[in-house]
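Every letter in the sequence shown is one number past the one before it in numbering that gives the first Met the number 0, and letter 78, counting from 1, is 77.
Here is the structure we will look at.
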Amino acid sequence: MTENEIATKVIGCAIEVHRALGPGLLESTYQQCLLYKLKKEGLQVVKEKSIPLIFEEVQLECGYKIDLLVENKVVIELKSVEDLNDIHMAQTITYLKLGNFKLGLLINFNVLLLKKGIRRVVNNL
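Rendered as structure tokens:
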């Protein structure tokens, strides 16, 4: 399955979760529900995947964690905030670069219409 096919499934599941729960809940609630939906769809998903930082050829465990990693290809960074800002986008880009992933989705569930809370993030390896 390609990154784009995975992303399409993730977005569909995220929309279902948002329709059922609406905005205003904690990020951890959306994370658990989306994890459940993605696994129900038969996708391999890792929650809070640790990602090391390589600095000057030394691998450091700094506590960075990807919210959800789907099929070991697509990074999902979840938020439940009033507005997405540049630092949220930068965080997602950093995770893509650290893990050498091509595609990420930054999803903010604290919106009235979820499609307005989704940002597609590409790492041009």
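Here a beta-carbon is modelled for each residue, glycine too, at the ideal position from N, C-alpha and C.
{"Item": "Any 3 or more C-beta pairs closer than 8 angstroms across the stretch 111 to 121 and the stretch 28 to 46", "Value": "no"}
{"Item": "Classification of isoleucine 50 by the beta-carbon crowding that lies within 10 angstroms, buried from 16 upward", "Value": "buried"}
{"Item": "Neighbourhood of isoleucine 92 by C-beta distance below 8 angstroms, restricted to the same chain and skipping five residues each side", "Value": "Gly103, Val120 and Asn122"}
{"Item": "Residues near glutamine 30 in its chain [Cβ-Cβ closer than 8 angstroms; skip 5 each side]", "Value": "Lys46, Asp66, Leu67 and Leu77"}
{"Item": "Through-space distance from lysine 101 to valine 95, alpha-carbon basis", "Value": "For the record, residue 95 in the displayed sequence is leucine; it is not valine. Computed Cα separation, rounded: 7 angstroms."}
{"Item": "Alanine 6 beta carbon less than 9 angstroms from that of valine 73", "Value": "yes"}
{"Item": "Three-state class that DSSP yields for isoleucine 53 in the structure shown", "Value": "strand"}
{"Item": "Cut-off 7 angstroms between Cβ atoms - residues of its own chain near isoleucine 154, not counting five sequence neighbours on either side", "Value": "Nothing about residue 154 can be reported from this structure: the residues present for the chain run from 0 to 124 only."}
{"Item": "Straight-line Cα distance separating glutamate 26 from serine 79", "Value": "5 angstroms"}
{"Item": "Paired residues, beta bridge with asparagine 107 - DSSP", "Value": "Lys78"}
{"Item": "Minimum C-alpha distance to glutamine 58 - residue among Leu97, Lys8 and Met0", "Value": "Leu97"}
{"Item": "The beta strand (DSSP E) enclosing leucine 67, as first and last residue numbers", "Value": "64 to 69"}
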